[in-house]
Amino acid sequence: MKYSLEQAKDIISKSIQVNSLEFIGCGNHSEAFCVNHEIVIKLPKHRKASDCLKVEMQVLRGLNQKTSLDIPNVLFDGIFSANNEKFVYFASKRLNGKNLSKKEFITLDERTLVKNAEIIASFLYHLHNEKQILPIKRKDFVLLHGDFSLNHILFNDENVVCGVLDFGDSRIGKFKSDFIYLLDDEDDEEFGAEFGKLVLKKYESFYSR
């Protein structure tokens, strides 16, 4: 499904007064709209996406106030009908921060890159050691972000990582799954493998402390 602004407003206005509404982006599963300049609404594009949003809400609620970086918080959620099916959506506060392109990211000074590697490594280490949010049945499986790419990272005015977006692909799996984009040296939209290797080294060092 694709949503017009009018369709999105009709769904959202059942839960909140809509004074302004803008489309801010979409992914494989959802379309995102900003309401009243401060609230982000995620609307599912299909049935599987609606199920993913349920998992995403469970993960975000489980991580609430447990992470060192800003992540979306579930302000409220709702149900709507389309094509004789019911779908879920949820709202979160719009996070402060900006995205960086790969070109902008790889030209950061070394000190800032190292600091960002430490921040990301710490975030992933603590995420992967959350054992109670989703059921984990194998010792070599962890809770994953599931889509840890550069465009899901927010940076502050000093170009330091300050937030992580889009937990829509969160699942249980092997920890290396969250390093796929970090270690990708061919994608011109990602971090670059040299930085990814630094993150992995710092990540692994947490287990030897």
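The numbering of the sequence shown is the numbering used here, which starts it at 1 and goes up by one. Built from N, CA and C at the ideal position, the CB exists for glycine as well. Since we're looking at a predicted model, the values are computed, not measured.
Residue i vs residue j beta-carbon contact at 7 Å
| i | j | result |
| --- | --- | --- |
| Y203 | A121 | yes |
| I133 | V59 | yes |
| F244 | Y125 | In the structure as shown, the chain begins at 1 and stops at 209. Residue 244 is therefore absent and cannot be evaluated. |
| V40 | A32 | yes |
| R171 | L144 | yes |
Delimiting residues of the beta strand (DSSP E) encompassing residue i
| i | result |
| --- | --- |
| F76 | F76 to A82 |
| E31 | S30 to V35 |
| L21 | L21 to C26 |
| R94 | Per DSSP, R94 belongs to no beta strand (DSSP E) and is neither H nor E. |
| L144 | V142 to L144 |
| R171 | R171 to G173 |
Reduced DSSP secondary structure (H/G/I, E/B, other) of residue i
| i | result |
| --- | --- |
| S205 | helix |
| S149 | coil |
CA-to-CA distance, residue j to residue i, given in whole angstroms
| i | j | result |
| --- | --- | --- |
| D51 | G163 | 24 Å |
| G25 | V199 | 28 Å |
| E85 | S92 | 24 Å |
| E22 | F191 | 29 Å |
| H152 | A8 | 23 Å |
| K197 | I11 | 44 Å |
| D169 | D77 | 18 Å |
| A117 | D140 | 23 Å |
| F167 | E56 | 6 Å |
| L43 | Y89 | 5 Å |
| R47 | S177 | 24 Å |
| F87 | S30 | 12 Å |
| D185 | F80 | 41 Å |
Range covered by the alpha helix (DSSP H) that runs through residue i
| i | result |
| --- | --- |
| Y125 | E110 to H128 |
Option in the options with minimal Cα separation from residue i
| i | options | result |
| --- | --- | --- |
| D187 | N73, D77 and K103 | K103 |
| H37 | S20, N28 and V114 | S20 |
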